[in-house]
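As they're listed, the protein sequences go chains A and B.
Using the working numbering, you'd call the opening residue of the first sequence number 2 and step up by one each time.
Using the working numbering, you'd call the opening residue of the second sequence number 2 and step up by one each time.
Where a beta carbon is used, it is the ideal one built from N, C-alpha and C, also for glycine.
What follows is a short report on a single structure.
There are 2 protein chains.
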Amino acid sequence: MRIAELSRISGVPVPTIKYYLRENLLPPGELTSPNQASYGDSHLHRLRLIRALVDLAHVPVAGVKEVLEGLDSPTMPLHDKIGRAHRAITPQPQLTSTPAAREAATTQVEELLTSRGWSVEPDAPALNTLIETIAALNTLGQGHLAGFLDSYAGAVETFTDLEVAAVTSTPTTPTPDQIAEGVILGTILGETLIASLRLLAHESISAKRWSHPRGSLDT
Amino acid sequence: MRIAELSRISGVPVPTIKYYLRENLLPPGELTSPNQASYGDSHLHRLRLIRALVDLAHVPVAGVKEVLEGLDSPTMPLHDKIGRAHRAITPQPQLTSTPAAREAATTQVEELLTSRGWSVEPDAPALNTLIETIAALNTLGQGHLAGFLDSYAGAVETFTDLEVAAVTSTPTTPTPDQIAEGVILGTILGETLIASLRLLAHESISAKRWSHPRGSLDT
Chain A
2 MRIAELSRIS GVPVPTIKYY LRENLLPPGE LTSPNQASYG DSHLHRLRLI
52 RALVDLAHVP VAGVKEVLEG LDSPTMPLHD KIGRAHRAIT PQPQLTSTPA
102 AREAATTQVE ELLTSRGWSV EPDAPALNTL IETIAALNTL GQGHLAGFLD
152 SYAGAVETFT DLEVAAVTST PTTPTPDQIA EGVILGTILG ETLIASLRLL
202 AHESISAKRW SHPRGSLDT
Chain B
2 MRIAELSRIS GVPVPTIKYY LRENLLPPGE LTSPNQASYG DSHLHRLRLI
52 RALVDLAHVP VAGVKEVLEG LDSPTMPLHD KIGRAHRAIT PQPQLTSTPA
102 AREAATTQVE ELLTSRGWSV EPDAPALNTL IETIAALNTL GQGHLAGFLD
152 SYAGAVETFT DLEVAAVTST PTTPTPDQIA EGVILGTILG ETLIASLRLL
202 AHESISAKRW SHPRGSLDT
């Protein structure tokens, strides 16, 4: 198909498609004449993948590029491809906590990782975010929320068990490329899925408990 | 304290503090002379709250303003304050799915809400995001991930039960203002907390399962 049709089917404007082509997010089409190219289903699929990462997971274009380079590499281990997906959705926070707050939060996180038996690299992108978030909650007088950390981690394990099951339960036997794309999409869009489900559950509870004035706690 | 000391203790640069003052995110200090103001602990607390929302939850300044206006309102019901927090962390996605994909995803979500007994407003900010995410997964050939939707929702309920328990279990009897701030912080930073815990759990699993080349599924 021509670029105009690719745009029509995907809903992505032609200038945006051209931008993705220039940035190498989208591989070039097959030249059918010196200034005309033809695009196939793989382009349409790739375009939808890019839009999902940008529109739904709010990954910046540079992050999308990293993720796609990982997906396209025939030799990179899946673990490293996943690492790229993690970095794309974990912007590194500025370290605004005080040294004392950071130290206390670091101890809490180390204890959690040990008790859960999670083995993560010290430079895992999410580690900094977790430590800073706990430090912020403690400093803002909401340390009791961080006290539920172990229960949170337990509930998170329910998800990750589910997610591993979901990824390895594709109906047909997937190729390594399909596995990689499924794991990456599950990682990135799974976060969007969980976040929106959580907010809907909150809204439902909140409407039942807290729609009275003055934050009454009556049920 | 003077603005320089507020900056030193909070780690927030003076120009940024002045910007927050101009934008009314931070209430003005008490004037001690025509061009000198004094700031107290409530300013320091508010400044830390702003930085947590901006740095850790990546809420844009306009969203922070919405959230704080809600928190500062003595008459707004808590449910509406929570609504502001939801909108702040749920940027509305562009609707890039095809009409058919969107319709199918909408049906899936409606069935889910009914079976879970979640009552949400049709304009709930997260509803659109959830529908578009499921549509994207279906279109990208990862529909089996969305097939786990009900299990995901079940795991999410584990969280929300925990979160309600955490919010209502403050060690001392909280004022309505403290309850509101706790619920809002729990809602917003809770998302950051869960997302980073999930990525750490993934990393731990991924290192065990997928650190071999070519995406082997050996355990």
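CB of residue i within 8 Å of CB of residue j, strictly
i: Leu57 (chain B); j: Thr130 (chain A); result: yes
i: Val65 (chain B); j: Ala86 (chain B); result: no
i: Val165 (chain B); j: Ile206 (chain A); result: yes
i: Ile51 (chain A); j: Tyr20 (chain A); result: no
i: Thr193 (chain B); j: Ile83 (chain B); result: no
i: Thr91 (chain B); j: Ala53 (chain B); result: no
i: Pro94 (chain A); j: Glu122 (chain A); result: no
Interface flag, residue i vs chain B, CB-CB below 8 Å
i: Tyr40 (chain A); result: no
i: Thr108 (chain A); result: no
i: Leu7 (chain A); result: no
i: Ala105 (chain A); result: no
i: Ala101 (chain A); result: no
i: Arg215 (chain A); result: Bear in mind that a pLDDT of 44 at Arg215 (chain A), under 50, signals an unreliable position, so the number given afterwards is only what the model happens to contain. By this cut-off, Arg215 (chain A) is an interface position.
i: Val68 (chain A); result: no
Reference residue i, options the options, closest by Cα
i: Ala154 (chain B); options: A:His80, A:Thr134, A:Leu200; result: A:Leu200
i: Phe149 (chain A); options: B:Leu198, B:Gln179, B:Pro94; result: B:Leu198
i: Glu6 (chain B); options: B:Gly30, B:Glu24, B:Arg23, B:Asn25; result: B:Gly30
i: Asn25 (chain A); options: A:Leu32, A:Val62, A:Val55, A:Asn36; result: A:Val62
i: Ser34 (chain B); options: B:Pro14, B:Thr17, B:Arg3; result: B:Arg3
Coarse secondary structure for residue i, derived from DSSP in three states
i: Thr220 (chain B); result: A caution first: Thr220 (chain B) carries a pLDDT of 38, below 50, which makes its placement in the model unreliable, though a value can still be read off. In the structure shown, Thr220 (chain B) sits in coil (DSSP, three-state: anything other than H, G, I, E or B).
i: Ser207 (chain A); result: helix
i: Leu27 (chain A); result: coil
i: Ser8 (chain B); result: helix
i: Gln93 (chain B); result: coil
i: Leu201 (chain B); result: helix
i: Ala222 (chain B); result: Chain B is shown from 2 up to 220; residue 222 (chain B) falls before or after that span and cannot be answered.
i: Leu32 (chain A); result: strand
i: Glu122 (chain A); result: coil
i: Gly142 (chain A); result: coil
Cβ neighbour criterion (16 or more within 10 Å) applied to residue i
i: Gly118 (chain A); result: exposed
i: Pro78 (chain A); result: buried
i: Ser8 (chain A); result: buried
i: Arg23 (chain A); result: exposed
i: Ser116 (chain A); result: exposed
i: Asn36 (chain A); result: exposed
i: Val60 (chain B); result: buried
i: Glu182 (chain B); result: buried
i: His80 (chain B); result: buried
Below-8 Å beta-carbon distance, residue i vs any chain A residue
i: Leu57 (chain B); result: yes
i: Arg52 (chain B); result: yes
i: Thr161 (chain B); result: yes
i: Ser207 (chain B); result: yes
i: Leu218 (chain B); result: Confidence is the limiting factor: at Leu218 (chain B) the pLDDT is only 45, short of 50, which leaves the residue's position unreliable, though a coordinate-based value still follows. Closer than 8 Å: yes.
i: Ile185 (chain B); result: no
i: Ile83 (chain B); result: yes
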